[in-house]
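Participant:
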Amino acid sequence: MPQKNEESNDTAFKNWINEALVKRMAKHISHHYPAFDEKAFIKLSHKLPNLELKPRMRLICDFLKTHLPEDYNKALAILLKATTKPAPGVTAMKGFDLWAFTEYVHRYGLKDFEESMKALHTFTELFTAEFAIRPFLIHEEKRTLKVLHKWSKDKNHHVRRLVSEGSRPRLPWGEQLKSFIKDPTPTIELLDKLKYDDELYVRKSVANHLNDISKDHPDIAVKVAARWLKEAPAKHKEKIEWIVRHALRTLLKKGNADALKLLGYENKGKVQIKNLLLVSDNVKIGSHLEFSFDVASTEAAQIMVDYLIHHKKANGGTSPKVFKLTTKTMKHKEVIAIKKKHSFKPITTRVYYPGTHYLEIMVNGKLLAKIPFTLKK
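Per this note's numbering, the sequence shown starts with residue 432, numbered consecutively.
1) Please list, in chain order, all residues of the same chain as THR522 whose beta carbon is under 7 Å from its beta carbon, the five residues on each side excluded.
2) Terminal residues of the continuous beta strand (DSSP E) containing THR787?
3) Give me the DSSP bridge partner(s) of GLU572.
4) Is the beta carbon of LYS705 closer than 7 Å to that of THR729?
5) Scan the segment 518-604 and note each continuous alpha helix (DSSP H) run of 4 residues or more that stays entirely inside, going in chain order.
6) Taking the beta strand (DSSP E) that TYR738 falls in, what are its first and last residues?
7) From VAL794 to HIS719, what distance separates their C-alpha atoms?
8) Assess contact between the segment 543-551 and the segment 465-481, defined as three or more Cβ pairs (one per stretch) separated by less than 8 Å. Is contact present?
9) From the DSSP output, read off the bridge partner residues of PRO803.
10) Would you mind sorting TYR632 into buried or exposed? The rule is 16 or more other CB atoms within 10 Å of its CB.
11) For PHE611, which three-state DSSP category applies?
12) Is VAL655 near ILE619, with beta carbons less than 7 Å apart?
13) Is ASN642 buried or exposed, if buried means 16 or more other CB atoms sit within 10 Å of its CB?
14) Does the Cβ of VAL710 have 16 or more other Cβ atoms within 10 Å, making it buried, or fewer, making it exposed?
15) Kindly provide the ranges of any beta strand (DSSP E) runs that are 3 or more residues long and lie completely inside the segment 651-728, ordered along the chain.
16) Within 8 Å, do at least three Cβ pairs link the segment 779-797 to the segment 672-681?
17) Out of curiosity, what's the CA-to-CA distance linking HIS742 and SER723?
18) Which same chain residues end up closer than 6 Å to TRP447 when comparing Cβ atoms and leaving out the 5 residues on each side of it in sequence?
19) What's the C-alpha gap between LEU799 and GLU669?
20) Bridge partners of PHE754, per DSSP?
21) Can you have a look at TRP604 and say buried or exposed, based on whether 16 or more other CB atoms are within 10 angstroms of its CB?
22) Quick one: Cα of LEU457 to Cα of PHE804, how far?
23) Return the chain-ordered list of same chain residues with a C-beta closer than 8 Å to the C-beta of LEU541, the five sequence neighbours on each side being excluded.
24) Taking DSSP's pairing of strands, which residues face THR760 in a bridge?
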């Protein structure tokens, strides 16, 4: 899936599913199933502008269920042909074009396991089936895991990524896999097979999956990361180090002592924060908070510097959010100066409330300095 940033939500992608796509989809389906009601399908697209991304996709899926053969396997065969054997002269479908097709498998494919697995294998080469495979993991866990173990060796990197991404316990936008939230052992066995993958696309999914695990089982995540670092042969050392840093990011932000120690950021009072200053302690919504400070070492140390903004909430309290700043190797009695501008531009994922906020500096998981400022309209 495309990665969302702080200024985006479903609406950033909703226009992907539009009238033009519906017309192309109708051509591809009708090419293999002449009884398909193209006119009604295209008329359906007139409802799309008033809908967000997921409702658009679901509307199309509902129509497909009604207007394709009632028999699931016959309907699925048509969707696969529409995907792999496009109508002449019409742009083939890929990416978000195919979300409604994978949703069709998601909703209606549980009773036809083998055919559904084959279809998801085909679809995921063109558009991720990470959502569609989750009902199968919920209702047919052992059977689906067996398929995923086989797919972990697939020649196609999109299929290999699906093994990790589709089984993530807390996949964004996807159903939670409560069995794996309770016990992540089965999916760790999958990650073990993928951690040295040649594709960064796959390894990034492995890291995100282990990060999911860290949210419920921090001790297990750190132990897995430590084992991977210890076992990695020299040719894979760099890959594993990257995965571990990415996978433990949530624990690092929380100041987890074991995660910090594993990555060399031990908290032993080796640094101090001095001269924490704000350019202005009054900041308008839409502008920036500008601040600076010095990091002074008492001895040589690896440091990871983050900062927290304690946002005022509607009830008058505050809620902290951690932001990354930098990592450094400091020498004995070294001083480094850091400057930063933090944006308070309105974003879709956060509501800003005027009033007293706080800036706090954290080094190696330890909170070392804090200063208030006022956010104004």
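Beta carbons: idealized from backbone N, C-alpha and C, even for Gly.
In this text, all values refer to a predicted model and were calculated from it rather than measured experimentally.
Facilitator: In short, the structure shows the following:
1) The sequence position of residue 522 within the sequence shown is 91, counting from 1. Excluding residues within five positions, the ones whose Cβ falls inside 7 Å are ARG455.
2) Here residue 787 refers to the residue found at position 356 when the sequence shown is read from its first residue. 786-794 is the extent of the beta strand (DSSP E) around THR787.
3) The count along the sequence shown starts at 1 and reaches residue 572 at position 141. Answer is none; GLU572 lacks a bridge partner.
4) Within the sequence shown, numbered from 1, the residue matching residue 729 stands at position 298. Within the sequence shown, numbered from 1, the residue matching residue 705 stands at position 274. In this structure, LYS705 does not lie closer than 7 Å to THR729 by Cβ.
5) Fully enclosed alpha helix (DSSP H) runs of 4 or longer: 530-539, 544-555, 565-570, 572-582, 588-596.
6) For the purposes of this step, residue 738 is identified with residue 307 of the sequence shown, where counting begins at 1. Element bounds for TYR738: 732-743.
7) Taking the sequence shown and counting its residues from 1, one reaches residue 794 at position 363. Taking the sequence shown and counting its residues from 1, one reaches residue 719 at position 288. For the pair VAL794 and HIS719, the Cα-to-Cα distance works out to about 23 Å.
8) Counting C-beta pairs closer than 8 Å gives fewer than three between the segment 543-551 and the segment 465-481, which falls short of the contact rule.
9) What you label residue 803 is simply residue 372 of the sequence shown in a count that begins at 1. In the DSSP output, where bridge partners are listed per residue, PRO803 has TYR789.
10) One-based indexing of the sequence shown puts residue 632 at position 201. Here TYR632 is exposed, its C-beta having fewer than 16 other C-beta atoms within 10 Å.
11) As a first step, residue 611 must be located in the sequence shown, where it is residue number 180. In this structure, PHE611 counts as helix in the three-state DSSP scheme.
12) Taking the first residue of the sequence shown as 1, we reach residue 655 at position 224. Taking the first residue of the sequence shown as 1, we reach residue 619 at position 188. A contact, by the Cβ cut-off of 7 Å.
13) Taking the first residue of the sequence shown as 1, we reach residue 642 at position 211. So ASN642 ends up on the buried side.
14) To locate residue 710, count along the sequence shown from 1; it is residue 279. VAL710 should be labelled exposed.
15) Taking only runs of at least 3 residues, the beta strand (DSSP E) segments lying wholly in the segment 651-728 are 702-709, 713-715, 719-728.
16) Verdict: no, contact absent.
17) Translated into the one-based positions of the sequence shown, residue 742 becomes position 311. Translated into the one-based positions of the sequence shown, residue 723 becomes position 292. Taking the straight line joining both Cα atoms gives about 19 Å.
18) Within the sequence shown, the letter at position 16 stands for residue 447. PHE527, listed in sequence order.
19) Within the sequence shown, the letter at position 368 stands for residue 799. Within the sequence shown, the letter at position 238 stands for residue 669. Distance between the alpha carbons of LEU799 and GLU669 is about 32 Å.
20) Position 323 of the sequence shown, counting from 1, holds the residue named residue 754. Beta-bridge pairing links PHE754 to TYR738.
21) Within the sequence shown, residue 604 is the residue found at index 173, counting from 1. Sixteen is the threshold: since fewer than 16 other Cβ atoms of the shown chains lie within 10 Å of the Cβ of TRP604, the residue is exposed.
22) On the sequence shown, position 26 is the one that residue 457 refers to. On the sequence shown, position 373 is the one that residue 804 refers to. Looking at the sequence shown, residue 457 is not Leu but Ala. Answer to the nearest angstrom: the Cα atoms are 57 Å apart.
23) Counting from one through the sequence shown, the residue named residue 541 turns up at place 110. If we look at LEU541 and ignore the five residues flanking it on each side, its Cβ neighbours are SER547, PRO566, PHE567, HIS570, GLU571.
24) Residue 760 sits at position 329 when you count from the first residue of the sequence shown. In DSSP, THR760 forms a bridge with GLN733.
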